[in-house]
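**Q** Next up is a structure, given as structure tokens.
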């Protein structure tokens, strides 16, 4: 404990001295921040300085081992660091799938060489990663994927297509699932491989969504050579690696939604007060009021469930299948809340663009449209319900139906 | 048309002269009336007279052919008769499964002998029928039924059990599905047979429901001899007969609910006005008000759908699978409405029996409990949804799942 | 009231099916959007609708109409709704047209109705000022101030006016500055002081904000008062419900097609029971919507129907279709999975349109509340 | 506030699981019903509960309690709820017990609390007069009329009093005839003028109507006012939510067992995806209920917790569990099919209990409305 207090004092002093003043009080969120990469898009020069100084100490990935560029901090030390960062309300120096997806996967499944090669650039924010899982014919049935990787000496030649790859057009490397043994049964012939997107033959095409935004891409592979040493977790063993990562992704998604739903009650109330107005000191329209409370209660119960899962995990009591629960409930909660916001706004929620609409209202409507995808991406609600039924409730298998 | 007007005048004169005055203005409903049978339970002597005089003209089954005891009326003539009965608000002279289930089935599938033997006693209300379909192991999967019928000369010997047989303890004959060919595939080895319940070896046991009532029975068959000539529609062809009857039953159930939901809005409103009271001229508690309107609108839309199906049928436009729609929606509507009534009543809806509770309130609560079974009996909602998905929407078969 | 189609109605329905199908369904709306078409709908098609007599369906022959009713018009609207046709058919016939037909001003009727039926006049009704439909009649700050000789000057601002920029006739709701009585006024599209600003909404149907900066009108431009506005809105609500019925039917059928075609785990996803049951439930709700819409249209066509009966029929049709359309569209996207989220696929257009429909003439909760008011509770 | 069990709490939970399981689950309630048992619960078991110290869980050691909290008591209530145990544990500890513990009267506290903890005193609180929970505090026509020397006479009538006939201590809410201030008064079960009539409710838990026909009480029988009633009701609401959580968990597990065991079409019905998804959704809602209940109990145990914070936590737990219990019970019967409708099967007892729970301390809509009031909207 004494050590931790020393550590805290040291961190605090260092931050007080060096953390750019312009960033204090601007915490940002999980989707808005510094993504890094070969074509970095720093919001301000201070964001760039902030990344550099934190990366130097390994504090962009505080708990990763020092030999791979990480901070080497214990969990307790990291908690101290995070609380000090929150104290100054600093933005994360770096965000992205390198830190939260491929990094942890390499730490668990990667070879010593792979860790030494790929982890330090992630820590320094030099390489931005994306995830190549889904294919046009393989959505919920991921194991039916077809992207072919044919061995050719110490290389594999990749041909095929990925889809729903988040930010592929801004990423440098992709980790993807490929079929290395077309003769084997579904899951058995799949490998997990890392590909430099600068390799000739890789092209990306953004997908325009109903919200008008394009956060996802198609990625095409046309005779793309990848190196055999970039296969992670062993040849034809990709399914094991992928499943571990998917579980991790679901938990992350749940926690993201846990954070994103915070403050929903206040936002909805503000909207309703504008659109409907009060009567006798209370928000008029008891039906809208009831729905706002429902949303607020859903939010609170969800947050408490996130906390309970974390507390139980710390106490060594795993409630099981938490990731699927969080994914299903968190995404639907977010959808309901955004639908309710648009509904309360009435005609103010119908604007697409241009004059005549408040920019906040336009953003709210786009957010609603975007949220419609939450229950599809990252494993559909239907797939999560299958998982809960089978793995938590122990209901008999109906043949993947 | 002139003939119809003559007919109407004649009917009216006959009714005006003979219809018992004590029954006028007491229309009753589909579940409450004269069931007839060997142990008839006439509410009053006038009910008995009313049955006798109507049966004599065949007007208990107005559209059945005269040679089987029916009234031999055309559809138009029957419409006139019914409207004249409504004019005086007379109760039906006779109700029961003989008239609405086995009678029409015999008219469609029965032999000449069967019709001559069984229809006239139905018309006269001398024999009360019940339906033996479900078995303890065969609910939704009706075709898996096991009640065995082994041929023995011109007889079959029946062994096994039926369950959920409505009013079996008050009935005289049972029409049931039995397995006559245990070697054949599921549906193929089933026959439809008529059994006199006075035959030695037939016993019944009422089933007590959660509402406290016992409208259903178990029926046990212990070496019961049935006659081969009482097989309807041909040996091992019972499934065809049964399916026709099931469709008929669903339509009937839908129409029953269509009638039973009438007036729900007024009932709920009355309850709410007592339990909650008005404010500023309107029913206070806008949430309860909204739910009453939802119920009222559901009811109205359902009634309109029943009407549309009837109108379309008359115009030769069949909207298809109407019976399953009516069954699913009608039963759930009835449940929602009864739940809402109990909910609005608050603590007044919690009484089971005895002093301290209004008898109407006790009946309302029992009705709610009874209604819980509506979505199970007569083919579960789940089975109806399967039928709609497959036969109306043309979705591919998932192996009976 | 028979809830079945007559032979004549069946013929109209068949023609409507054919016409709209020929026009290319949602592809047409998409192309109008992508090309940034200033009109926002097809003038050629409009002329064709007039040629078929469809703009005159609910008007008596004495005014140049076909002499049928809302029932027949709803058949056309339903098919238009299937393809998300942005033509202001509903605004012209059931908003403006109803106000002219049922209003008090013979002068306005004979001035406008023949042109409207002939396809020369696009009409609309500017009634909305707040973001949500509130009171009944709707709150109205726009003023009609006496300007001598029975003439008035209109001042005020209206929003969400369907085809407000394109309309040749904008009927405006305004409160008399002295009597405080609500009035509907027929304003020519080219009137001085009438300012129209296009609004880009998520459904990409033409819509506008309309400003009245001293529009001078003569006495006979007044069509009627609050009761007339209520009738016009109720008839339009029924038309909108018919349109929504068509749209949700199309979205549902697209989804059924996808369920049959898309394969995962080696089988069509439509063989999964959980999805089958959801589809079956949508189907049931859709069938109930159809009954409510058919009944409402026939109610509107009943001679001397009372305002309360018409209002309840309209609110029933609206409450059911608005909710069901949203739910069908929402489930349609979910059941389509990833492709349902892409702009490239048509299904998203239905989701957006459902949202607009849901707050065009009041949302479902509003209509339920009104049902209760009309029923006296 | 940690939402995980400590080692001690885990031990309490394990003992509770064992105890209630040994008592025979729903069979016990059924047998009390079928034999028409006049007490309606087991006095032997009551003594056993006292012996285990569970009646003293939420009371400080200085009053003879165990010195733990609502959190620990809720673990016992949850397991009691699983078996639908009709013992008036909640009424005694969280209604009467809370009023004594948090009230102003030292005399009443020392007179009643030790006996209550020892199992000698069954306690309850008579607060309800209307069929539905209305205002906050609840409307109260019962009167406390001054009778000299600080004494009062109580007159009035209360309904739905849990264990009202069996209780040795009935705490009664009455309005002071002059100050109009609400007060809670400790009335001994054998007081002259206290009339108790048993009510037979669908859940077969003991319940009564209580009439006060001039019950004379001395000054120190007054425990507190509206704030005390609110605290007691909130703590009891949290306990009820815990009981409901246990009951719905048991109903859900019964259903899962049936889904695994019952075969139709040659397979267990639990392999049908439509049923799997419904079960999975019930499970998710159940898990959220658990979080809300755990948090509410811990909130009640926080020192100097404000009435608003306690109220919101209680109303959250209530709103979620009441709705979810009803839904779980309803689905449980449906998924059981025909056997679920028989009196012979236990599942119907859960359905009936769910309905009683749903209107014991206000229904879910009431609790949502109160959440809004406490949050200022």
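Chains as they are written, first to last, in this note's numbering: chain A, 9 to 409; chain B, 9 to 409; chain C, 565 to 941; chain D, 565 to 941.
Think of the CB as a built atom: it goes at the ideal place given N, C-alpha and C, for glycine as much as any other residue.
(1) State buried or exposed for residue 90 of chain B, treating a residue as buried only when at least 16 other CB atoms are found within 10 Å of its CB.
(2) Run down chain C in chain order and give the residues with a C-beta less than 9 Å from the C-beta of residue 836 of chain D.
(3) Which one or two residues does DSSP pair with residue 735 of chain D in a beta bridge?
(4) So with CB distances below 9 Å, who are the chain B contacts of residue 676 of chain C?
(5) Given this structure, state the Cα-to-Cα distance separating residue 18 of chain B from residue 10 of chain B, to the nearest angstrom.
(6) Residues of chain A with a CB under 7 Å from the CB of residue 724 of chain C: which are they?
(7) Listed in chain order, which residues of the region 289-314 of chain B have Cβ atoms closer than 7 Å to some Cβ of chain A?
(8) Counting along the chain, where does the beta strand (DSSP E) carrying residue 98 of chain A start and finish?
(9) Strictly below 9 Å CB to CB, what residues from chain B border residue 820 of chain D?
(10) Classify residue 55 of chain B: buried if its beta carbon has 16 or more other beta carbons within 10 angstroms, exposed otherwise.
(11) So does the region 725-740 of chain C actually touch the region 681-692 of chain C, counting three or more Cβ pairs closer than 8 Å?
(12) Mind reading off the beta-carbon distance from residue 220 of chain B to residue 374 of chain B? Whole number of angstroms is fine, and I expect it under 8 Å.
(13) Hey, is residue 626 of chain D close to the ligand ADP, as in C-beta under 8 Å from one of its heavy atoms?
(14) For residue 758 of chain C, report the span of its beta strand (DSSP E) as first-last.
(15) Using CA coordinates, which residue listed in C:915, C:813, C:770 is at the minimum distance from residue 653 of chain C?
(16) At the 9 Å Cβ level, is residue 84 of chain A part of the contact set with chain D, yes or no?
(17) Mapping the DSSP letters down to three states, classify residue 13 of chain A as helix, strand or coil.
(18) Using a Cβ-Cβ distance cut-off of 9 Å, determine whether residue 841 of chain C contacts chain D.
(19) When the Cβ atoms of the region 242-252 of chain B are set against those of the region 213-228 of chain B, are three or more pairs found closer than 8 Å?
(20) I want to see whether chain A comes within less than 9 Å of residue 593 of chain C, judged by CB atoms only; does it?
(21) Helix, strand or coil for residue 371 of chain A per DSSP?
(22) Do we get a CB-CB distance below 9 Å when we pair residue 762 of chain C with the residues of chain A?
(23) Below 7 Å on C-beta distance, what does residue 283 of chain B contact in chain D?
(24) Leaving out five residues before and five after residue 215 of chain A in sequence, what residues of the same chain have Cβ atoms less than 8 Å from its Cβ?
(25) Taking the alpha-carbon of residue 890 of chain D as reference, which of D:669, D:808, D:908 has the nearest alpha-carbon?
(26) For residue 184 of chain A and residue 376 of chain A, what's the separation of their Cα atoms in angstroms?
(27) Is residue 797 of chain D near residue 666 of chain D, with beta carbons less than 9 Å apart?
(28) For residue 382 of chain A and chain D, any beta-carbon pair shorter than 9 Å?
(29) Report the rounded CA-to-CA distance for residue 120 of chain B versus residue 388 of chain B, giving the unit in angstroms.
(30) How big is the Cα-Cα spacing for residue 176 of chain B and residue 169 of chain B?
(31) Count the other CB atoms within 10 Å of the CB of residue 366 of chain B; is the residue buried (16 or more) or exposed (fewer)?
(32) Note down, one range per segment and in chain order, each alpha helix (DSSP H) of at least 4 residues found wholly within the region 260-343 of chain A.
(33) Against chain E, with Cβ distances strictly below 9 Å, would residue 204 of chain B count as a contact?
(34) For a contact defined as C-beta to C-beta under 8 Å, what are the partners of residue 325 of chain B on chain C?
(35) Quick one: list the residues of chain C neighbouring residue 149 of chain A, beta-carbon separation under 7 Å, in chain order.
(36) Which class does residue 477 of chain B belong to by DSSP, given the choice of helix, strand or coil?
**A** Reading it off the structure:
(1) exposed
(2) 837, 838
(3) D:689, D:750
(4) Simply none; closest approach about 35 Å.
(5) 12 Å
(6) Simply 355.
(7) 294, 295, 298
(8) Note, residue 98 of chain A: premise wrong, no beta strand (DSSP E); not H, not E.
(9) Going along chain B, no residue has its Cβ under 9 Å from residue 820 of chain D, so there is no contact; the nearest lies around 17 Å.
(10) Buried: at least 16 other Cβ atoms inside 10 Å.
(11) yes
(12) 6 Å
(13) With respect to small molecules bound, the structure shown includes none, and the ligand ADP cannot be examined in it.
(14) 758-762
(15) C:770
(16) no
(17) In the three-state reduction of the DSSP assignment, residue 13 of chain A falls in the helix class.
(18) yes
(19) no
(20) no
(21) Of the three classes helix, strand and coil, the one that applies to residue 371 of chain A here is helix, per DSSP.
(22) yes
(23) 695, 696
(24) 171, 172, 222, 224, 225, 226
(25) D:808
(26) 30 Å
(27) Cβ distance not < 9 Å, so residue 797 of chain D and residue 666 of chain D don't count as in contact.
(28) no
(29) 35 Å
(30) 13 Å
(31) exposed
(32) 272-283, 294-322
(33) Among the chains of the structure shown, chain E does not appear; the protein chains present are A, B, C and D.
(34) For residue 325 of chain B, the neighbours in chain C by C-beta distance under 8 Å run, in chain order, 568, 569.
(35) 828, 829
(36) Residue numbering for chain B in the displayed model covers 9 to 409; residue 477 of chain B lies beyond these limits and cannot be assessed.
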